Structures are given as structure tokens and as C-alpha cells.
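Visitor: Dropping the structure in here first, questions after.
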Amino acid sequence: MNCEAKGWLAKQFPPAVLTLMPIGVALNLAIGTLVQIIKLPVFLDSVGTVIVAVLSGPLPAILTAVVTVLVGGLLTNPVLPWFVGTAIAIGWFSGFCANRGAFRRVWLWGLCGVAMGVIAAVVSAPVVVYLFAGITQSGSSLVVAYLMAAGKTVLNSVLLAGIACDPVDKLLTFLIVWALLRGLPVKLLAQFPRGVLNTRPSAPAIR
Amino acid sequence: MRRMLGLSISNVEFLSAEDDRVLLSLDSLELAAGSVYGVVAPNLSGRSILLRLLGDAALAGSPRSRIGEKRIAWESGTSPLGADAPGIYLGPCPQDSVSTLTATVEEELALHRKARYGDIAGPFSANTDLVDALMLSACLKQDPLCLSGGQTAALALLCALEMKRPILCVDETLAHLDVSLRPVAWRAVREFARAGHICLMADNEYDLMAEYADYAIILDGGQVKGIHRVDQAFNSVEAKLRGTIPSVTSLTASICPQLEALPVRYEQMVSLLRASPNGFRKSRVPEIGNDARKTQDIAPGGESSLVFDGLCFTYPGSDGRPALAEASAALPLGHTTGLIGSIGAGKSTLCKTLNGVLRAQRGGITFGGKPVAPFGHPGQLVAYSFQNPDDQLFQDTVEKEVAFGPRCLGLTPSEISAGVSIACDLFGLASLKRAHPLDLPFVLRKRVAMAAAVAMQRPFTVLDEPTVTQDQSFRAHLLDVIECLTGQGRSLILISHDAEFAFEACDRILVMSQGRCCWSGTREEFCAGRPDEAEGFVNLAVRLSGELDFSPVCPTRQALTDRLRSQRFGRSSFQPGEHGCDSGDDGPP
Amino acid sequence: MTTMSQPRRHLDVRTKMWLWACCVSSGLLLPSGWMLWAYAGAVIGVSSLVFDRLRPLLRFAIRIVLPTFVMLVVVYGFLVPYESAANHQSDWMERFFLGVFVASAIGARLLVIGTATIVFVSVTPQLQIASGLRAMRVPVPVVAVFVSSFNMYGSVVRKIRQIVDAQRSRGLSGRGLRGRVRMYIPILRPLLFSMLTSAVERASVWRTRNYLGMVGSTELEIGFYDTIVATLGALLVGGAGVARCVGC
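In C-alpha cells:
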């Protein structure tokens, strides 16, 4: 690997980002505990990925999402690693949106949340269809069952159910991340490469 | 390995992140190898910044810091102190010092020896005697993230000593250790320094600093006021009593330009409380079993006590070991009760059960003779200020944060407003009401959390480790606050490993061990009786009662304080039995 | 006196990883039918002999495999329109057995994947997993992130419970849907603040131990041979999944 590539990678992954990524992974996996305590019918399994995306950019977010599915496969659910494609898509898209200012304007993150839900549904549909015959443990399987009973093919049913249900979950994820980061001190956000730029560019310059 | 002789830095300035305010400014600082430097400073005076600059290379290289000249003197000559500054910094939160790259304590101690990850080279070379002395030998196979705060602090210190870097900076890490282990840790640091390293220690326990440090660096307002040999700095009675040194006493008044009216005098506080319309004037006690909004007034110092009987609680997944095992005691109103016991005794579990956030599996709680049903309404009778304030702070302003608890309990707007105002005044936060709590430094966040608990205006308030990271000036102020609140008929329950503070603040003691309350009574009875379970506190209490020729009949708190002030607080070698405290005594006279 | 730990003898981690990969790939490649069921039975049977703690497998089977199985039977057995070859009319018995056939095929594959993974995790210490990843030429920073995440999961769960207790002690309660949604911020914001603060502090700890991002001992080095090995590994497991799809 040449020096330029090494320098670029070193800039993408300073120590603060290296230590941020495990937190994103742990948040993705542990937030299910909170959902069980509060008893709300949503997943919120990408909150950590989106936070890493906002604070560090797409590459660390992709790595966070990939490690999430791998560690989740070892710790909680062995079928998670098969959704690595979905994880990469979520990580890249949330980083892309964050770098384009999605979290600086109130309405923009809403749009991006919906778009990310659609992308996640489209990317995960083949995995659900061909490895799980269209049925998983999520609530959208009921919608899939209904559509299949109505005569649609498995792939179409999974796609339509995903497009109907996933955007709600991802929209809520973006909303929560936006609300969380809004309340954090600028000094703390400044410790990460894109923390202030992606959330509060109008804040006074922080060294 | 080449031997270091010393370190010198000059023309140092560290700027605030938001504006050009200078947080630390040094003309020059020279430190000699082989010495332990105690950093004596009030809160918010740049102490942590100084330690971080020397211990953390990234901070030294950040755009906020300007360092003119920085050199290390080696035997062979001098070299510049570059981006790879050879220092280690241990912060006030020991959990943050755990790398999370290892599965056991053993691996954590050996981590630094791996050239590349995955190549752990055999067992670690740590001083096994020190591992035993810091009581980590039983934990070597445990997950470092599952250790208690004290064990994590011990692990962090051991890892730092293992790495044998030229500079070691410890910032209040030892405050998490058990009282009996702190001298062990200080001795270990002194030995480490004697091997040719520079150690800087920030600790509000000036007694230990006086005994084990070589020099005291006096810091205030972001400037070094002087470096003195520690025997010169700490030799006055006043210094030992107040925990400050004479040259700093006047400086502690100017703690931070943003804080006003601190310390607030007792008379001022009483007048504040009396002037409030509905808030703190009377002890407001919710009617038992009903909505928390209905209250009944009781006279301060009345007969009502919070009595718990046979409380049992076991955490799920704890291998059946109960956290509370038939805990029974009575906590009267209008008193300050010190809850003491070793780590794992069940102090926090008991307070959480009284608060209502945990549901006891057996046993009952009564107040004023009537059974209490706190389970549906946590915070109904007992407010709790947790040890880590960051577990509770989330609002945009200090005012909203302090008002959150009262609002959840359903108090009226006037009650909320009065409670917030008084609590902020009591803890010196009056000028910070509009500030963002998460923007404040840790010491102020801790005060916000305590103010939030007091603002709930419950008959009982638990303060968990209120003096950790707080300087001596605030500790003295906190004693006044406690006296003021108990004078108004409230009760406080203090969980503290700071034996001297607990001894001064509490008039009742409750000793816990292995989930049960093994002793309860007044402080005077405690000093005479000396129950065996609370070793650290007992040793201190016995020593104090022996040195002070303390008689169980002590007329008032003021008289006790006067007597303390008239005596010396030395670390003299005290032998049980020398001063009339026979080890055969096992009960109040 | 502290005693030093003696290393236990384990199967080499690379061997374990290849065993896991082959087991999972076989489970994906075998066609639905008696061969797949026999294979799944053999995997579970051998694992039960080797591995005496069946609770994680039982939990996986009850929480994930069983609901999926039941739903598949219902969907493919009763809901999906179906015409029998014989008389163009749906025969409920035939539909039911078709549903059971599909469900058991998927269930068998899930059980093979789950059993192999659970056994692998149970018999492989975390240090070995990290060494195995390094042996497979996974870059050091990725391994560091992987291991750190593995270790932090439990502490984040504990932290969430701590914060929930702390906020509930102040009277926070969620009644109704709106109340429960409003509980998120008082819990997540303190969690995120303390996690980010500890990330900043931990970066200093990693720097002290020479984990400097992509330089020092965490320098990213990928050679030609590393690329070959990683590609072959990915092809084996991923290709099995693709072949499964094509087989469908």
C-alpha cells in the first residue's frame, strides 16, 4: 500500500474514531435491551451506525455496520451476518447523507431516513427471499404473508412489505440521532473528525 | 534503557475551546526524576489540564495548546518532548482507562507488551505482591469491564506502573480506592518514582499527599503559584484541619469567576430557606399509599422514622448471592446518617430499594408507622443522587435539569420554582441556571445532580459519594448545607468512602456488611463501640477517638468540631489500647 | 501469592474457523430433502456430544427457529394459493405437507447455521478469535474494533440499566405510547454522552499502547497473499449462499 493511501486511511481512522466504532457497534446491539424495557414495537438497530456516520463519515460507518452484524451473529442472532450487504448500504448511505448536511436541517434528515429505509428494504429482500423463504421474525412478515396470500410472488411481497415498514424504523432512527446529537456539547463533538461540521457548522469555531 | 533526569517545559498556554480564555499558563516548570509531585489546587484551576498536557501526547499537540520549549533531560543529554510524549495520564473515571481489547485482567496487564495485537507473550511481569496488596489477585481471570470502581482504579494504576513510562500523571484516580488501599497505592507510586520516573498526583486527600509526596505544586487560576517541599507545605495545624495549605487558603475563595456566593454561609442559607414561599419551609411528606401530590406537614425532628424490616433482594444472574439479606434498621427524620461498609456490602442496593427503583423480594418499609408502597412511585419518599452524575443529566439547561425530578413527581409550578431556586443557591449554581449541564466540568455536573436530588424536596435524600473530585472548600461548604437541611427537618443519607467527611457530617451511623445492617446508632456510640466490619472507617474513628480523648458524651456538633480543630490530625502510629480504646470493648458504654 | 495461568491446549483456531465455514456451507448447499434433515440431525447430535451446555442452542431454537417454522407452515401451507397437480383443486393435506416441507428445509438450515456458530463461540476463547482473524489477514485495526465491540456489548447493556434506574429514581415513567417514546431521550442522551466521553478518553489509552489508528502497531498492511486468502474465504461462504439462491 503506498504512502498516500496510508495517509488517507490514517486520516479516516484516527484513534478517536477507532474507539468510537466499538461504541457504535455496542449501541446497535444493546439498544434492543432498551426497546424491551420500554416495550416499543420498533427495532432501532442502526442508531450506532448513524451516529458514527455523522461523527466520522461513511467509511467508519460501513465498518461499524459490518462489525455489528458479525459480532451480533456471534453474540445474539447467528443469522445476522447474512445481512452484511444491508449493513454496508446503511453505513454508506447514512455517511453520504450526513456529509451532505442531512443533520443540519430539520426536514432533510426525515427525507434521508425514508430513503434509507427503502434502500435497506431493497438490499435485504434477496437475502430474505432466498435464504429464509420470505419469512423472518420481524413484524413485516405478517405483511409479507398477506401479500403472498393475495397472489404476489415471494420477492415482490418481501420488497413491498419492506418498503412499507422499514422507512418508519429508519425515520425514527434518524430522528433519535438528530435529537441526541442536538443536545450534546460542541466541545465533545469537536473531538471527532466531522462532529461539528455535520451537526452545527454555524457554531463558533472550536479548536 | 536510558535514564531520565528530569523534564522542563516553558511558555505554556492552554486555551479554552470556545474562546481565547487562557485556562492554563506557565512560564516554566521543571520536574526532577525520582520525585512524586502532589498537585494542590482548588477545582477548575487547570489541574487536570496540566496533568493531561504532561501525560497525553495528543493534548500536547492540539491546536489549543502552545508550548514554547519542552525538553527531557537524559543521562546522555537532552531531547525535545515531541508528539510521542512518554507520559501516561489516568483520569478521574477509571473505567475509561480500560482498553476493552482484552477479556481478562491478566491480559489487560500484559497488553502493552504486545508488539502487534494477537501476540501476547506469556504471563505478565507485574509485581505480584502489589497485585495481592491491591486485592486484584482474585480477579485476574475476570472481565476488566465487570470490576467495581475501586478494582478498576487499582487495575488502571497497575497497568500504568507496568508500562514503566517516564512520566505518570494520576488525576483523582485513587479516590475510587477503598480507604485502606490508598496508602498502598501511594507507596507503590512512590517506589515507582524512586526508580527514576516522574509522578504527578492530583488528590484531594492532602493527608496522604503530605505523607508520600516529595513536592507540592500549588496551582490556582491556571497558574503555578509555587513548588514547595511537602514537609514545608503541610506542616501547619490549619492545613491539616482544613485540608489546604496556608498560601492557598485565600486563593480558594476565587474558585471560578462564574460561581458566585460560594461558600454560602449558614445564616444566608437559613434566610434563603425561610424566605421561600412553599418550598423548603416545612418537611413535606407524601401521604402513604396515595398520590405523591398529597402531602402532610410534619414538624421537624418529629417522631417519624423510615423503618425497614427484613429487606431481601438478589440481583438476577448473581449466582444466588443476595445483595440485601434481611436488612433492618430505622432512619429518623432530621438526622444525617452515614452508610458505611466495604464494597459490595449493599449500600447502594439498600438506598435504591428505599427509593423504590428496586423492588425488595421480601420485607417491608414503613414511615411514621404506616406501610409505604414506593414501588409504583420511585422517589416518593427518598430522592437519590447517583454517584455518577452523567447517568442523569440530559436537559438543555441546569434549571430544567434540576426541575425535572420535581416535575415528574407532580409538584406544583410554585413548588418546583422555589425548590429549583433554593437547590441552585445551596450548591452554588445560581449563575449557571442557563448553562448546558453537559458543557460543565465534572465537578459542577456532580453538584447539579446533587441539587436535582435536593430540589425534589423529599423527606430523605441520598447523596452517593458527594465529595469525590470536590475540593476542600466545597467539602466544608457541603457540611454547612447538610446541617442546614437537617435543621429544616430533612434527612440525609450519605454513602461515602471519605471517612473524615462522613465522620464530620453524620450524626448517625449505619454499618452494612454482606447485605445486612449489622450496626446502627449515633456517632458517639459508634466511636465507643467500634464494630468490626467497617475496617477503614473504624480504624480512623478509633484513632480519632483515641487521639482526641473523645468521650461518648459530646454535647453538640459545634463542640465536637471545636475539639477537632484544637487537636492535631497526624498520621502517627497508633496502637489500639494505648489511648484507652481497649479491643475488648464491643458495645457502647 | 498470585499464580500464573497455564495455557490450555485448544484446537487451532484456523481449524475451527474452517470447520465452521464448511459446516455452514454444506448446510446451505445441500438440497432440501432427507439429506438436509439427516445432515442437520448429525450436526446437532455431534454438537450435543461435544458441547454439554445446550441452553444457548435451545434459546436460539425457541426464539428464532420455532416461530419461523410455524409462520412458514402457515404461510406456505394455508395462505399461498396452490394448485395440486392432480385435480387443479387445493388439497389441504397436500398444502399442509408442502408448508411443512418448506418450513423444515429453512428450519434445518437455520439450525445448522445456529448450531455451528454457537458451538464455535462456546469453544473458542475471545483471544483465539482475535488471533484467528489476524491469521486470516484481517487488518489489525479491524480486529481491534471487533474485539473491543465484543467486550463492550455487556458493559453498554449494564450502563443502559444503570441509567434507566437513575432516571426512574427521579420519577421518570412512561405511561402510554407517547410516554414511552418520550423515555428515549432521558435514557439515550446520558448514555451517548458517557459513551462518547469514554471514547475520547479511551483513544488516549489506545495511543499509549501504540494503537494509533492506521500507524504504529495498528498500521494497515495488506499484501497480495492476504488478498488471495481473504477472497477464497469470502467465496466459500458467500458463494454457498449464492449457489443456494441459484438453486432456488
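Residue numbers (the numbering used here), protein chains in the order written: chain C, 1 to 207; chain W, 1001 to 1589; chain D, 2001 to 2248. Glycine is no exception: its CB is placed at the ideal position from the N, C-alpha and C atoms. As the structure is a prediction and not an experimental result, all values here were calculated from the model.
#1: In whole angstroms, what separates the C-alpha of Ala1033/W from that of Gly1221/W?
#2: Quick one: which chain W residues come within Cβ less than 8 Å of Gly2154/D?
#3: Starting from Asp1214/W, find everything on chain C with Cβ-Cβ shorter than 8 Å and list it in chain order.
#4: Going by DSSP in three states, Asn77/C sits in which element: helix, strand or coil?
#5: Suppose only complete runs of 3+ residues qualify. What are the beta strand (DSSP E) ranges in the segment 1344–1368 of chain W, listed by chain order?
#6: Which two residues bound the contiguous beta strand (DSSP E) that contains Asn1011/W?
#7: Going by DSSP, what residues sit across from Tyr2039/D in a beta bridge?
#8: Along the alpha helix (DSSP H) that carries Leu2079/D, what are the first and last residues, could you check?
#9: Are Val1040/W and Ile1167/W close, meaning C-beta to C-beta below 9 Å?
#10: Do Trp2037/D and Ser2104/D have their C-beta atoms closer together than 9 Å?
#11: So the beta strand (DSSP E) Pro193/C belongs to, where does it begin and stop?
#12: Would you tell me roughly how many angstroms separate the C-alpha atoms of Gly1338/W and Leu1494/W, rounded to the nearest one?
#13: Use the C-beta contact count for Thr1412/W: other C-beta atoms within 10 angstroms, 16 or more gives buried, fewer gives exposed.
#14: Identify which residue in Arg1516/W, Glu1075/W and Arg1321/W has its Cα closest to the Cα of Asp1309/W.
#15: Quick one: Cα of Gly1196/W to Cα of Val1036/W, how far?
#16: Is Tyr1384/W helix, strand or coil by DSSP?
#17: Fully enclosed by the segment 1144–1219 of chain W, which beta strand (DSSP E) runs are 3 residues long or longer?
#18: Suppose you measure from the CA of Gly2114/D to the CA of Leu34/C; what does that come to, to the nearest Å?
#19: Let me confirm a value: Ala161/C is counted as buried when at least 16 other C-beta atoms fall within 10 Å, else exposed. Which label applies?
#20: Could you tell me the alpha carbon to alpha carbon distance between Gly139/C and Pro14/C, rounded to whole angstroms?
#21: Does the Cβ of Asn1992/D have 16 or more other Cβ atoms within 10 Å, making it buried, or fewer, making it exposed?
#22: Counting Cβ pairs, one atom from each stretch, are 3 or more of them under 8 Å apart for the segment 112–125 of chain C and the segment 167–174 of chain C?
#23: Compare the C-beta of Phe1394/W against all C-beta atoms of chain C and say whether one is closer than 9 Å.
#24: For Asp2165/D, return the contacting residues in chain W, with the cut-off set at a CB-CB distance below 7 Å.
#25: Hey, which unbroken runs of the alpha helix (DSSP H) at 4 residues or more fall wholly within the segment 2107–2186 of chain D?
#26: Evaluate the contact criterion for the segment 1150–1165 of chain W versus the segment 1187–1206 of chain W: three or more CB pairs, one atom per stretch, below 8 Å.
#27: Name, please, each residue of chain D whose Cβ falls closer than 8 Å to the Cβ of Glu1107/W.
#28: Which term fits Ser1045/W, buried or exposed, when burial requires 16 or more other beta carbons within 10 angstroms of its beta carbon?
#29: Can you name the residues of chain C whose CB is closer than 9 Å to the CB of Thr1100/W?
#30: Using only alpha-carbon positions, find the residue among Ala1502/W, Ser1513/W and Gln1514/W that is nearest to Arg1523/W.
#31: Going straight from the alpha carbon of Leu1109/W to that of Cys1139/W, what length do you get?
#32: Considering only the beta carbon of each residue, do Leu18/C and Val2145/D sit closer than 9 Å?
#33: For my contact list, Leu1381/W and Phe1367/W are in at a C-beta cut-off of 8 Å; report their separation, rounded to the angstrom.
#34: Quick one: which chain C residues come within Cβ less than 9 Å of Trp2206/D?
#35: With DSSP as the reference, label Gln1223/W as helix, strand or coil.
#36: Which residue comes first and which comes last in the alpha helix (DSSP H) that contains Met1135/W?
Guide: On the basis of the supplied data:
#1: Locating residue 1033/W in the second sequence gives position 33, where the first residue counts as 1. Locating residue 1221/W in the second sequence gives position 221, where the first residue counts as 1. For Ala1033/W and Gly1221/W, the distance between alpha carbons rounds to 26 Å.
#2: For the purposes of this step, residue 2154/D is taken as the residue at position 154 of the third sequence. Near Gly2154/D (Cβ distances below 8 Å), the residues of chain W are Asp1143, Leu1145 and Cys1146.
#3: By one-based count along the second sequence, residue 1214/W stands at place 214. Near Asp1214/W there are no residues of chain C at all, since even the closest Cβ is about 33 Å away, more than 8 Å.
#4: Taking the first residue of the first sequence as position 1, residue 77/C is located at position 77. Three-state DSSP puts Asn77/C in coil, outside helix and strand.
#5: 1362–1367
#6: For the purposes of this step, residue 1011/W is identified with residue 11 of the second sequence, where counting begins at 1. From DSSP, the beta strand (DSSP E) with Asn1011/W extends over Met1004 to Leu1015.
#7: The residue given as residue 2039/D occupies position 39 in the third sequence. Per DSSP, none; premise fails for Tyr2039/D.
#8: Indexing the third sequence from 1 puts residue 2079/D at position 79. Taken as a continuous stretch (DSSP letters only), Leu2079/D belongs to no alpha helix (DSSP H), as it is neither H nor E.
#9: Numbered from 1 along the second sequence, position 40 holds the residue referred to as residue 1040/W. Numbered from 1 along the second sequence, position 167 holds the residue referred to as residue 1167/W. Going by C-beta atoms, Val1040/W is not nearer than 9 Å to Ile1167/W.
#10: In the third sequence, the residue the question calls residue 2037/D occupies position 37. In the third sequence, the residue the question calls residue 2104/D occupies position 104. Contact flag set, yes.
#11: The residue given as residue 193/C occupies position 193 in the first sequence. Looking at the DSSP string, Pro193/C is not in any beta strand (DSSP E), and its letter there is neither H nor E.
#12: Here the question's residue 1338/W lines up with position 338 in the second sequence. Here the question's residue 1494/W lines up with position 494 in the second sequence. Going from the Cα of Gly1338/W to the Cα of Leu1494/W covers about 5 Å.
#13: Walking along the second sequence from the start, residue 1412/W turns up at place 412. Exposed, by the Cβ-count rule.
#14: Taking the second sequence and counting its residues from 1, one reaches residue 1309/W at position 309. Residue Arg1516/W is the option with its Cα nearest to Asp1309/W.
#15: Counted from its first residue, the second sequence places residue 1196/W at position 196. Counted from its first residue, the second sequence places residue 1036/W at position 36. About 10 Å.
#16: What you label residue 1384/W is simply residue 384 of the second sequence in a count that begins at 1. If DSSP states are grouped into helix, strand and coil, Tyr1384/W belongs with the strands.
#17: 1167–1171 and 1198–1202
#18: Translated into the one-based positions of the third sequence, residue 2114/D becomes position 114. Translated into the one-based positions of the first sequence, residue 34/C becomes position 34. Each residue's alpha carbon lies about 25 Å from the other.
#19: Working through the first sequence from its first residue, we reach residue 161/C at position 161. By the 10 Å Cβ count, Ala161/C comes out buried.
#20: The residue you call residue 139/C lines up with position 139 of the first sequence. The residue you call residue 14/C lines up with position 14 of the first sequence. Each residue's Cα considered, the two are about 39 Å apart.
#21: The structure shown does not extend to residue 1992/D, since chain D is modelled only from 2001 to 2248, so the question has no answer here.
#22: yes
#23: The residue labelled residue 1394/W in the question sits at position 394 within the second sequence. At least one chain C Cβ lies under 9 Å of Phe1394/W.
#24: As a first step, residue 2165/D must be located in the third sequence, where it is residue number 165. In chain order: Lys1352 and Val1357.
#25: 2126–2135, 2140–2168 and 2176–2182
#26: yes
#27: Walking along the second sequence from the start, residue 1107/W turns up at place 107. Simply Leu2127.
#28: Residue mapping note: residue 1045/W aligns to position 45 of the second sequence, counting from 1. The residue is buried, with at least 16 neighbouring Cβ atoms inside 10 Å.
#29: What you label residue 1100/W is simply residue 100 of the second sequence in a count that begins at 1. Thr19 and Pro22, listed in chain order.
#30: One-based indexing of the second sequence puts residue 1523/W at position 523. That would be Ala1502/W, whose Cα lies nearest to the Cα of Arg1523/W.
#31: Counted from its first residue, the second sequence places residue 1109/W at position 109. Counted from its first residue, the second sequence places residue 1139/W at position 139. For Leu1109/W and Cys1139/W, the distance between alpha carbons rounds to 12 Å.
#32: On the first sequence, position 18 is the one that residue 18/C refers to. On the third sequence, position 145 is the one that residue 2145/D refers to. In this structure, Val2145/D lies closer than 9 Å to Leu18/C by Cβ.
#33: As a first step, residue 1381/W must be located in the second sequence, where it is residue number 381. As a first step, residue 1367/W must be located in the second sequence, where it is residue number 367. Rounded, the Cβ-Cβ distance is 6 Å, consistent with contact.
#34: As a first step, residue 2206/D must be located in the third sequence, where it is residue number 206. Neighbours of Trp2206/D on chain C, chain order: Pro15, Leu18 and Thr19.
#35: As a position in the second sequence, residue 1223/W is number 223, starting the count at 1. Strand at Gln1223/W.
#36: As a first step, residue 1135/W must be located in the second sequence, where it is residue number 135. Here Met1135/W belongs to no alpha helix (DSSP H), and DSSP marks it neither H nor E.
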